[in-house]
Amino acid sequence: MSTSSQPLALSAGTPHNRSLSAQILDVTGLDPARCYQCGKCSAGCPMASEMDLKTHEIIRLLQLDMRERLLASESIWMCLTCETCTTRCPNVFDPAAVIDALREIVLRENPGLVPRRISAFHSAFLDQIRANGRVFEFGLVASYKLRSGALFADVDSVPGMLARGKLALAPRRIEAIQDIRRIFEQCAMERPR
Amino acid sequence: MSRIGVFICHCGENIGRTVDCAQVAQAMGELPGVVHSVDYKYMCSDPGQALIKQAIKEHNLDGVVVGACSPHMHEKTFRKAAASAGLNPYLCEMANIREHCSWIHEDRAEATEKAKGLVRFIVEKIKYNRPLSNIFIPVNRRALVIGGGIAGIQAALDIADGGREVILVEKESSIGGHMSQLSETFPTLDCSQCILTPRMVEVAQHPRIKLLAYSEVESVDGYIGNFEVKIRQKARSIDVSKCNGCGECTKNCPNKKIPSEFEQGLGFRTAIYVPFPQAVPNIPVLDRDNCALFKGRAKGVKKQVCGKCATVCGRRAIDFDQQDSFITEKVGAIIVATGYQLYWIGKEQESEILHGYGEYGYGTIPDVIDGLQFERLASASGPTGGKILRPSDGKEPKKIVFLQCIGSRDRAKGMEYCSKICCMYVAKHTMLYHHKVHDGKAIVFYMDIRAGGKGYDEFVRRAIEESHALYLRGRVSSLTRNGDTIRVQGVDTLSGEPVSIDADMVVLATAMRPQPGITSLAQKLSVSYDLHGFLNEAHPKLRPVETNTAGIFVAGACQAPRDIPDSVAMASATASKVLGLFSNEQLEREPLIARVDRQTCTGCFHCERVCPYGAVERFEVKDRKGNLIKVIAEVNQGVCQGCGTCQATCPSKSIELDGFTDEQIFAAVNAL
Amino acid sequence: MKVGYFPGCSLHATAREYEESLKAIAPALDLQLEEIRDWACCGATSAHSTNHLLSVALPARTLVLAARQNLDRVFAPCAACYNRLASAQHAIEHDKKVASQVESILGASFGHPIGVLSIAQLLSEMTDRIRSKAIVPLKELKVACYYGCLLVRPPEICRFDDPEAPTSLESIVTAAGAVPVKWDKALECCGGGFSLSRTASVVRLGRSILRSAKDSGAQALIVACPMCHSNLDFRQRAINRSAGDDRPMPVLFISQLVGLSMGLDPVRLGLNRHFVNPQPFLSTISAGRVEHREQA
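Residue numbers (our numbering), protein chains in the order written: chain A, 36 to 228; chain B, 2 to 673; chain C, 63 to 358.
So, in structure tokens, the structure goes:
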């Protein structure tokens with residue numbers, strides 16, 4: 036599991052001062068010290084087989100304030116927020132909320148670390164809301180493909196979707212779209228690139 | 002005019018560094034009523050005490066105030082010194098200028114002023130002190146032990162061997178408790194019943210032990226040395242004086258399919274039954290809820306249904322009309338040793354704060370059992386004759402997964418505590434399984450291994466190194482049915498790998514909890530308990546076997562999760578406390594308790610209503626002819642704890658604490 | 063009964079049949095769906111994955127609009143929208159800091175709490191009515207009820223049914239006269255929003271769900287979320303191919319099943335819009351025909 040060449044420097048300032056834990060506590064109200072690393076979250080996580088860092092390992096790195104490794108990991112973007120871990124955690128901790136908070140820190144501090152396809156999807160999705168107030172799926176898919184470069188996947192399903200009346204061909208914009216745009220501005224949205 | 006002596010202690014540097022003791026002594030010397038005032042380095046030392054004794058004689062003191070540490074430390078010391086010089090000990094008091102002054106302030110001038118105030122406070126109070134004498138109450142030197150498991154048995158034997166009579170009350174039909182259900186005990190793998198049953202027989206045969214099995218405590222009155230306990234002897238439907246334990250009734254009972262409680266539901270019993278062959282007393286009990294005769298009666302059937310047992314009983318001992326009976330026993334001390342029950346993962350729980358494990362199927366998946374059920378499977382006298390077999394189909398499981406910490410250490414399920422014994426008995430189970438099924442694979446999911454006793458860690462290593470149990474560190478996320486196996490979805494956090502296993506059987510190490518009904522028993526005894534029902538000890542470190550109710554002691558798992566050696570040790574400890582209590586015919590108590598002024602008491606009984614200890618009784622004041630004048634309050638000197646609630650409540654100021662009268666208190670307050 | 067109605071983005075496009083079937087069964091159930099005027103997207107996964115404040119503010123706007131329309135309760139048929147709205151309501155009640163931030167962003171203040179309902183909650187309240195309107199016998203129809211992640215979890219947000227052993231969908235299915243089967247993947251995630259960005263994950267997760275449903279003897283899978291429907295219906299061909307198991311498993315919305323029990327025309331219920339042909343079991347319950355387009 037370990038990928039660093041240096042032993043963990045706990046005697047120096049950071050990571051011993053738990054700055055990342057303090058940040059998470061401030062944002063979510065959850066203290067990572069609550070976790071006793073039982074692993075029940077990872078045991079029930081549907082994405083565990085694809086994650087380099089399992090859920091409990093993410094929390095462990097957080098407890099040890101291993102900021103760089105944690106924020107650069109792809110695993111934190113694989114969480115489906117299925118809430119299985121949150122529902123079953125014996126310490127009533129919420130790993131899913133903590134992972135969301137870590138994602139927001141990455142976007143604020145180093146958006147280039149977000150995996151490309153995931154970044155492309157979220158940008159495309161949120162752009163849709165900002166443009167129309169609602170997600171226009173055709174536009175979403177087109178925008179995602181342009182950003183991610185996954186140009187040809189699912190292209191063959193378009194006729195099927197159209198024939199079933201499942202694809203609207205033009206977006207419908209809500210009336211109070213300015214309200215939505217203002218919400219976005221005020222939430223100081225950081226666009227993943 | 003008073004003649005008070007004041008002694009200010011430096012307590013080495015403890016007080017002297019912060020408080021100017023000489024100045025305080027000097028200031029106190031100027032108070033009216035103070036005839037002698039000195040300061041000294043160590044008042045509690047022999048020379049220090051000698052100062053007090055000397056001063057009492059030389060200056061004819063009628064009151065002594067020692068400004069020093071907390072009364073908890075040395076009140077007894079100084080009172081003894083005063084008494085030895087001929088001064089009533091209750092005319093000697095302490096002012097705390099250490100914990101309440103020098104230890105919590107830094108400014109010398111301020112601390113010194115405060116110390117003067119604190120001592121002055123006591124000086125003014127002591128002017129109104131009256132001489133008091135200790136109270137003596139008689140002690141009934143018989144003991145009651147509630148609970149006939151290993152802890153109760155040990156306590157009863159120790160007290161009886163110590164020469165005192167014991168009444169042992171057990172709610173089940175036989176004594177022995179959960180230990181009688183175990184197969185083998187850690188860390189020696191002794192056969193549990195083999196080491197237990199000799200003790201059980203000893204109890205039955207001991208001339209000083211009165212065994213009341215199938216009985217429960219109905220009510221408790223009184224106080225230390227003088228308890229009156231009403232005991233309900235439940236109806237067995239058998240006249241115990243006639244029954245000789247021949248077993249014919251059990252053999253002939255036609256209803257053989259009742260799930261046996263002793264076998265934890267894995268085997269069956271009859272309606273009239275003895276729970277296990279080595280039962281003590283070896284007298285059956287008739288389960289009326291499952292008896293055809295009683296079901297017939299309930300339906301109103303005229304003709305008697307069945308009754309086979311009565312027909313075959315050679316001693317005509319069966320009595321279908323027997324009722325519960327009540328007896329009253331007077332005892333001087335009570336030991337509570339009611340033991341434990343295991344938590345179960347089902348959806349219905351006995352309290353709102355507890356939750357079941359939906360992720361493990363709420364207990365509906367077959368072949369998911371708990372530790373006591375595994376013990377019955379492993380027991381040679383159990384439902385499978387000691388073979389480990391699946392309850393669902395009787396096949397031998399080749400892969401058993403053991404889960405530790407089920408309910409325990411789980412805030413989400415309502416029990417944050419560790420149940421202490423599970424790490425050890427799971428290791429034991431893997432070893433028993435390995436001994437019986439050589440090609441079986443035992444896998445244990447754990448979070449930590451708690452094996453702190455003597456030989457305990459070595460025992461767990463044997464399970465891993467000799468019995469080849471596979472220990473995986475991680476909690477299991479879910480148990481689901483997968484055909485006729487159980488899919489276990491877990492993780493090994495040490496390697497970081499999720500683990501999926503198809504198990505033939507899953508054994509859950511479920512949390513230890515106190516017995517059902519513990520809270521109502523505790524209320525009858527006025528003993529406090531925590532949010533789980535575990536009885537509270539008087540002090541977790543230094544008074545672990547006493548409760549805050551004088552005369553009532555606790556032993557074993559009813560106070561906290563505990564294994565057999567610790568339960569036995571605790572039981573012996575309670576016995577020693579009881580024998581100590583019984584070493585005198587009388588109990589000496591401090592007299593700082595409430596007293597009623599019979600002249601002014603109007604008999605409104607507000608005090609009776611507010612007294613938390615039930616110490617207020619009623620007293621009839623009669624004239625010389627014997628006519629009743631009034632009924633007034635009276636304080637039971639054995640029960641009153643001197644809390645003062647009555648004094649604060651009484652509208653006519655007729656009840657006051659000796660040593661803390663209104664007069665004394667107001668004098669002290671006005672001194673500030 | 064009148065409730066506020068928040069369709070969510072997919073009900074007007076990729077999950078059109080969900081709204082069609084809801085509107086079809088509403089009259090018989092005496093259910094009035096008052097659409098939230100000018101509603102906007104709840105933010106779904108992308109908002110809560112990137113900006114906590116935004117993930118509360120967007121659905122909170124819907125709650126404010128509902129209050130303005132004098133609605134006490136809002137029903138969101140999509141399980142994800144439901145969970146976002148309920149989470150926003152929970153945050154408003156329990157996180158004073160976020161509540162006041164969102165109030166100032168929206169320029170509105172929160173009054174009494176708005177009840178947020180999922181389809182399971184809504185139809186559970188109507189099982190008597192569903193039973194009385196069930197005129198087509200469905201007792202030969204075995205279905206597996208798929209809850210997915212967000213309908214009953216986490217329990218502090220949803221406060222409805224049991225997060226490990228839920229029974230609300232089964233009670234609705236039983237009221238409609240069909241037979242719910244026992245199976246073990248009812249709460250396993252379908253892969254949610256990864257349909258485009260990590261399709262392989264969706265296929266892997268869908269494999270175990272479909273295999274379990276098929277092995278349990280179910281003739282159809284009942285869902286309550288457009289995302290789940292898409293991942294299991296639209297992606298079923300890919301899932302079946304990767305599993306080497308081409309047994310089809312039609313995927314129906316719970317509202318479509320209720321509609322079938324009422325004897326409504328399957329086309330009106332949008333059953334012709336599915337990728338997996340529902341005709342085989344429609345025939346067993348003689349519920350009429352739908353014209354099905356094979357997936358190209």
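For glycine and all other residues, C-beta sits at the position ideal for the given N, C-alpha and C.
ask   = If we count the other Cβ atoms within 10 Å of its Cβ and call it buried at 16 or more, is G246 (chain B) buried or exposed?
value = exposed
message = Would R233 (chain B) and E249 (chain B) be called neighbours here (beta carbons separated by less than 7 Å)?
response = no
query = Hey, A236 (chain B) and D325 (chain B): beta-carbon distance below 7 Å or not?
reply = yes
query = Is the beta carbon of T19 (chain B) less than 7 Å from the beta carbon of R109 (chain B)?
reply = yes
request  = Note down, in chain order, every chain B residue with its Cβ under 7 Å from the Cβ of C73 (chain A).
outcome  = M448, G475, R476
Close Cβ partners of I284 (chain B) (< 7 Å) along its chain, the five nearest in sequence each way excluded = R237, I239, V241, C244, G246
message = Against chain C, does E466 (chain B) count as a neighbour if the rule is that its beta carbon must be under 7 Å from one of theirs?
response = no
ask   = Between R226 (chain A) and the rest of its own chain, which residues show a CB-CB distance below 7 Å, the 5 nearest in sequence each way excluded?
value = In this prediction, R226 (chain A) has a pLDDT of 38, which is less than 50 and means its spatial position is unreliable; what the coordinates show is noted afterwards. Excluding sequence neighbours, R226 (chain A) sits near S158.
ask   = Buried or exposed: which applies to T112 (chain C), given that a residue is buried once 16 or more other Cβ atoms fall within 10 Å of its Cβ?
value = buried
inquiry  = Judging by CA-CA distance, which residue of C:S117, C:V241, C:V65 is the nearest neighbour of A206 (chain C)?
reply    = C:V241
ask   = Listing by chain order, which chain A residues have their CB less than 9 Å from the CB of A512 (chain B)?
value = Those do not exist, as A512 (chain B) stays about 12 Å from chain A at its closest Cβ, beyond 9 Å.
request  = Identify whether N89 (chain B) lies in helix, strand or coil by the three-state DSSP scheme.
outcome  = coil
key: Cut-off 7 Å between Cβ atoms - residues of its own chain near K525 (chain B), not counting five sequence neighbours on either side   = V218, S220, V221
ask   = Is Y80 (chain C) helix, strand or coil by DSSP?
value = helix
message = Which same chain residues end up closer than 8 Å to H291 (chain C) when comparing Cβ atoms and leaving out the 5 residues on each side of it in sequence?
response = A77, Y80, V285, V313, F315
request  = Select from B:T550, B:I259, B:K542 the residue whose C-alpha is nearest the C-alpha of Y530 (chain B).
outcome  = B:T550
ask   = Okay, do the segment 430–448 of chain B and the segment 468–475 of chain B touch, 3+ Cβ pairs below 8 Å being the bar?
value = yes
ask   = Looking at the unbroken beta strand (DSSP E) that takes in P202 (chain B), where does it start and where does it end?
value = The residue you asked about is not Pro; residue 202 (chain B) is Val in the sequence shown. From DSSP, V202 (chain B) is part of no beta strand (DSSP E) but of the alpha helix (DSSP H) over 193–206.
key: Interface partners of E250 (chain C) on chain A, CB under 7 Å   = P81
Among C:A248, C:M324, C:A109, nearest to R482 (chain B) - alpha-carbon criterion = C:A248
inquiry  = Taking DSSP's pairing of strands, which residues face A280 (chain C) in a bridge?
reply    = Bridge partners of A280 (chain C): none, in fact.
request  = Compute the distance between the beta-carbons of D223 (chain C) and S230 (chain C), then report whether it is under 7 Å.
outcome  = yes
key: When B:S103, B:E111, B:N130 are compared against Q665 (chain B), the one with the closest alpha-carbon   = B:N130
inquiry  = Does chain A have any CB closer than 7 Å to the CB of D100 (chain C)?
reply    = yes
request  = State buried or exposed for N585 (chain B), treating a residue as buried only when at least 16 other CB atoms are found within 10 Å of its CB.
outcome  = exposed
key: First through last residue of the beta strand (DSSP E) which encompasses S501 (chain B)   = 498–504
task = Check each candidate in B:K654, B:R476, B:A112 and name the one with the smallest Cα separation from L509 (chain B).
result = B:R476
message = Would G168 (chain A) pass as an interface residue toward chain C - the criterion being a Cβ-Cβ separation below 7 Å?
response = yes
Burial state of A381 (chain B) (16 or more Cβ within 10 Å) = exposed
key: Under 7 Å by beta carbon: chain C residues contacting E360 (chain B)   = E226
request  = Determine, using beta carbons only, whether G340 (chain B) and G178 (chain B) come nearer to each other than 7 Å.
outcome  = yes
Test: A57 (chain A) CB closer than 7 Å to a CB of chain C = no
ask   = When you compare each of B:E76, B:V39, B:R590 to L92 (chain B) by their alpha carbons, which one comes out closest?
value = B:E76
inquiry  = Assuming contact is defined by CB atoms lying nearer than 7 Å, are S38 (chain B) and V65 (chain B) in contact in what I supplied?
reply    = no
inquiry  = Quick check on the DSSP output: the beta strand (DSSP E) that includes D222 (chain B) runs from which residue to which?
reply    = 216–224
query = Of all the residues that make up the segment 496–523 of chain B, which are near chain A by a beta-carbon distance shorter than 7 Å?
reply = G497, P499
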